[in-house]
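FYI, in my numbering the residues of the sequence shown are 5 to 865.
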Amino acid sequence: MSQSSAPLTAADSGGYDAHAVQTKWQDRWAKADPFRAGDDTDTRPRKYVLAMFPYPSGDLHMGHAENYLYSDIVARSWRHRGYNVLNPIGWDSFGLPAENAAIQRGANPVTWTYENIAQQRESLKDYGVSFDWSRVLHTSDPEYYRWNQWLFQKLYERGLAYRKESPVNWCPNDQTVLANEQVVDGHCERCGAEVVKKKLTQWYFRITDYADRLLDDLNQLEGFWPQKVIQMQRNWIGRSVGADIDFEIEGREGAVTVFSTRPDTLHGATFFVVAPDSDLAAELAAGSSADVQARFKKYLEGVQRESEIERQSTDRPKTGVFLERYAINPVNGERLPVWAADYVLADYGHGAVMAVPAHDQRDLDFARAFDLPVKVVVDTTAPITGAIPVIEVDDDGVPIDPGAGDGSLDDLDPARTGIALTGEGRMINSGSLDGLSKRNAIARVIEQLEAAGKGHASKSFRLRDWLISRQRYWGTPIPMLHGDDGTIIPVPDEQLPVLLPSVEGLDLKPKGTSPLGGATEWVNTTDPATGAPMHRDHDTMDTFVDSSWYFLRYLSPKDAGEAFSSREADKWGPVDFYIGGVEHAILHLLYARFITKALFDMGLVDFTEPFSSLINQGMVILGGSKMSKSKGNLVLFQEELDAHGADALRVALAFAGPVEDDKDWDDVSTTGATKFLARALRVAHDVTSDPDVVWKDGDPALRRVTHRLLADAPALVEQTKFNVVVARLMELVNATRKTIDTGAGPADPAVREAAEVVAMVLDLFAPHTAEEMWEVLGYEPFVGLVTWRQADPMLLVEESVTAVVQIDGKVRATLEVPARIDGPALEALARSDARVLKSLGDREIVRAIVRPPKVVSFSTR
5 MSQSSAPLTA ADSGGYDAHA VQTKWQDRWA KADPFRAGDD TDTRPRKYVL AMFPYPSGDL
65 HMGHAENYLY SDIVARSWRH RGYNVLNPIG WDSFGLPAEN AAIQRGANPV TWTYENIAQQ
125 RESLKDYGVS FDWSRVLHTS DPEYYRWNQW LFQKLYERGL AYRKESPVNW CPNDQTVLAN
185 EQVVDGHCER CGAEVVKKKL TQWYFRITDY ADRLLDDLNQ LEGFWPQKVI QMQRNWIGRS
245 VGADIDFEIE GREGAVTVFS TRPDTLHGAT FFVVAPDSDL AAELAAGSSA DVQARFKKYL
305 EGVQRESEIE RQSTDRPKTG VFLERYAINP VNGERLPVWA ADYVLADYGH GAVMAVPAHD
365 QRDLDFARAF DLPVKVVVDT TAPITGAIPV IEVDDDGVPI DPGAGDGSLD DLDPARTGIA
425 LTGEGRMINS GSLDGLSKRN AIARVIEQLE AAGKGHASKS FRLRDWLISR QRYWGTPIPM
485 LHGDDGTIIP VPDEQLPVLL PSVEGLDLKP KGTSPLGGAT EWVNTTDPAT GAPMHRDHDT
545 MDTFVDSSWY FLRYLSPKDA GEAFSSREAD KWGPVDFYIG GVEHAILHLL YARFITKALF
605 DMGLVDFTEP FSSLINQGMV ILGGSKMSKS KGNLVLFQEE LDAHGADALR VALAFAGPVE
665 DDKDWDDVST TGATKFLARA LRVAHDVTSD PDVVWKDGDP ALRRVTHRLL ADAPALVEQT
725 KFNVVVARLM ELVNATRKTI DTGAGPADPA VREAAEVVAM VLDLFAPHTA EEMWEVLGYE
785 PFVGLVTWRQ ADPMLLVEES VTAVVQIDGK VRATLEVPAR IDGPALEALA RSDARVLKSL
845 GDREIVRAIV RPPKVVSFST R
């Protein structure tokens, strides 16, 4: 059974009544509002701490308990260090979960959402988080989403919001489109349904215009963001450098552009592949025979049922349809048969590729499946430096009898081995490129293409434009008007917000089109300029739009005249400390970075990255598994608060392990935390000296423990080593108790000093108990606003330290030695120690490593 399963009795906790203390101080905080961020008259330096805001899908869970505890520890620490701290809270309250839950329950999503917000708000207050409650926002409030619509219009004005028809990810369960980032292993990240492709006309944000900056600016975040997150973002953006190459297709006007990272292998292209779900494939098939058209149509129907993950799999058989068309290789004029094949995606590059089977494994697998030529143009057995070997080849690029079985190129022939040659080497069978290395050949062929007007250097990205249209009700209406003639105009700024219509009378069940289309009176409107009939856009925005800029709205959440104050953004931004789950490493963070850069280009903020420092906390698990409702292994946040109180829960979680590690609830001890808090409070009650006592007259050993904590705590908090700070607090409480019981007693000035420091530092973890200690010690509220005292440098000097003596890697003795001992003296003491001599026996010391004042390591034989 978990140590946290049962609350302590009053006797167990030494009379410490956690709930009484909690209620007392929450009432006082509610009246005084001590954690509100200072205004312009506050001259302290500013710090902005932010935890990712919650989704109101029910009450809070233990992951929330972790998240808001950690951000609160940092916020409280910064206040103690003299900063003006902004620590706001709000709710990410639009979205599919609320709408789906309302459908399942036959409820109104508005009512369901705001009832959950009220419940979570009370839980957070019970938890004692030092939020600035004057800045609360809900993304489903018109006062908030009006500015989503303003942001959309600003992006539209700059050409960054646009509408197009294209194949999209479609969730058949939720009946809505998904951005690429919302598809995980071919399934909807919300409901788990298998995602299919569907062609729709949708709204997009042109995030690809910022791809280079999004990638390059990650360098600014090195050392401040988790390396894992930085790498995930780099991989998702996926910049490839190469060339755009123009291929003519017989019987078609206009070139087809292909992007390739290996333009040097152009001479090795033996066929041409187009994505079957691309417009180009449909066009080329339409110009072919009736038989080809029929086979292509059947093939396309199958492809549309496949996920991108399946299509990109390397271990599935290659399939395709020959379209009876030919592309012309721009460097040698060869005719290349054009195939439609599902391993090419419509939204990669330009939806078409030149196939070089000798040097690309997927192309080779396809060529072998359909008996297509394989032409080697890179000799991977040739050195890239030094002399260039002369290799004779036939017309197909195959070496002429170079000698079998001797590691020659013939041994590696991809047509026979089935393994593509992807390594470095020298060009062969490539005309003027022969003998060049890969890098030089790429540069040369790009020069040739540019001179002939058939290509140029280019970049391609894995990143795709952000698809923001959603066919659901509970979201921000897209502020655009549509005319019957295809005209599209933005809703004028003075008519924003475009409010959601009442849910009454609407069928919210997923059906492939937005429920808003059923709100006839809402849909039908007129052109504001001409009065001509128009209709509102039926779709709502992806809720990641809401969270892409919410950190800026906190700066002026009640402002009816602008989305946020640029003046306040200059003062507070960017966020100094941001914390949340790693599951948002791509989706939310990428979009927030894009919007910040767009706002910077508009002159509205003076920074280009939204979050200076990022922390990902681990999960709270149970029995080794992630908690979930379906598994029935949930630990309910409110039940733990009711059973043990906020402070015990906070201390237990902070002490459970490093921030980034997963914590198994079975190892989280609220019982132990309660006992510790009772001891700490009892120390305060035992102090008998006056507040103005002279501390320097107290027990020097206790004072050293106290001042080492004062000196070390700020850096430990900055390093998010919260568990270490709790351990050091426990050490100080124990040392204080020892002095009370065995030293000069409760009147010792060092005891008061230690008790006051315990209260100050304990405020980070157990603020209610800390306030109670502060009051018991004779001070006015609030300890949470007290500036920490500076450590006395003289008390940080170690008079003696413990040195460890190892023999062949095993600790055999410890020595109390002067802190300033030198190496020879330390080694001499170790060699003469009786325990060391006994452990050595007849063995001879052959090597000694001495690191004064703490380590001596002997190796023997």
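Just so you know, even glycine gets a beta-carbon here, dropped at the ideal spot from N, CA and C.
| Item | Value |
| --- | --- |
| Spatial neighbours of ARG847 in its chain, beta-carbon cut-off 7 angstroms, leaving aside the 5 residues before and after | THR864, ARG865 |
| Counted within 10 angstroms of its Cβ, other Cβ atoms place VAL342 as buried (16 or more) or exposed | buried |
| Bounding residues of the alpha helix (DSSP H) (the contiguous stretch that carries TYR330) | That residue, TYR330, is in no alpha helix (DSSP H); its beta strand (DSSP E) goes 324-332. |
| Exposure of PRO704, with buried meaning 16 or more beta-carbon neighbours within 10 Å | exposed |
| Beta strand (DSSP E) runs wholly inside the region 67-118, at least 3 long, in chain order | 88-90 |
| Those residues which DSSP pairs with GLY521 across a bridge | None, per the DSSP bridge assignment. |
| When ALA290, GLU314, PRO361, ALA373 are compared against GLY324, the one with the closest alpha-carbon | ALA373 |
| Opening and closing residue of the beta strand (DSSP E) in which ALA344 lies | 339-345 |
| Nonlocal neighbours in the same chain, by C-beta distance under 6 angstroms from ALA677, ignoring five residues either side | ALA652, VAL655, ALA656 |
| Reduced DSSP secondary structure (H/G/I, E/B, other) of THR600 | helix |
| Cβ pair count under 8 angstroms reaching 3, the region 193-203 against the region 170-180 | yes |
| Those runs of the beta strand (DSSP E) which lie wholly inside the region 139-204 and span at least 3 residues | 165-175, 180-182 |
| Alpha-carbon to alpha-carbon, THR480 and LEU504 | 8 angstroms |
| CB of TRP792 within 9 angstroms of CB of ARG48, strictly | no |
| Inter-stretch contact (C-beta, 8 angstroms, three-pair minimum) for the region 693-707 and the region 717-724 | no |
| C-alpha gap between LEU485 and ARG540, whole angstroms | 5 angstroms |
| Selection from ASP511, VAL357, ALA259, ASN336 that minimises the alpha carbon distance to GLU103 | ASP511 |
| Residue burial classification, MET798 (beta-carbon count within 10 angstroms, cutoff 16) | exposed |
| Alpha-carbon to alpha-carbon, ASP63 and ARG40 | 25 angstroms |
| Meets three-Cβ-pair contact criterion under 8 angstroms: the region 302-317 and the region 271-288 | yes |
| Residues bridged to TRP229 [DSSP beta-bridge criterion] | GLU226 |
| Same chain only: Cβ atoms within 8 angstroms of SER61, ignoring 5 sequence neighbours per side | PRO101, ALA102, ALA105, ASN120 |
| Check whether SER861 and GLN794 have beta carbons under 9 angstroms apart | no |
| Endpoints, alpha helix (DSSP H) assigned at GLN810 | Segment 804-811 is the beta strand (DSSP E) holding GLN810; no alpha helix (DSSP H) there. |
| Own chain, CB closer than 7 angstroms to ALA684, minus 5 neighbours either side, in chain order | VAL737, VAL762, LEU766, THR773, MET777 |
| Coarse secondary structure for GLN124, derived from DSSP in three states | helix |
| Range of the contiguous alpha helix (DSSP H) that encloses ALA461 | Counting along the chain, ALA461 falls outside any alpha helix (DSSP H), though it belongs to the beta strand (DSSP E) covering 459-465. |
| Among PRO387, SER552, VAL805, nearest to ALA589 - alpha-carbon criterion | SER552 |
| Nearest candidate by alpha-carbon position, reference ALA770, set GLY132, SER434, ALA832, THR45 | GLY132 |
| Whether SER244 touches THR265 by CB criterion (9 angstroms) | yes |
| Cut-off 8 angstroms between Cβ atoms - residues of its own chain near SER560, not counting five sequence neighbours on either side | GLU566, PHE568, SER569, GLU572 |
| Three-state secondary structure (DSSP) of HIS539 | strand |
| Selected residue, minimal CA-CA separation from THR529, among GLN499, LEU556, ASP546 | GLN499 |
| Reduced DSSP secondary structure (H/G/I, E/B, other) of LYS379 | coil |
| The region 573-582 touching the region 51-60, judged by at least three CB pairs closer than 8 angstroms | yes |
| Cβ-based neighbour list, VAL78, same chain, cut-off 7 angstroms, excluding 5 preceding and 5 following | VAL53, PHE581, VAL721 |
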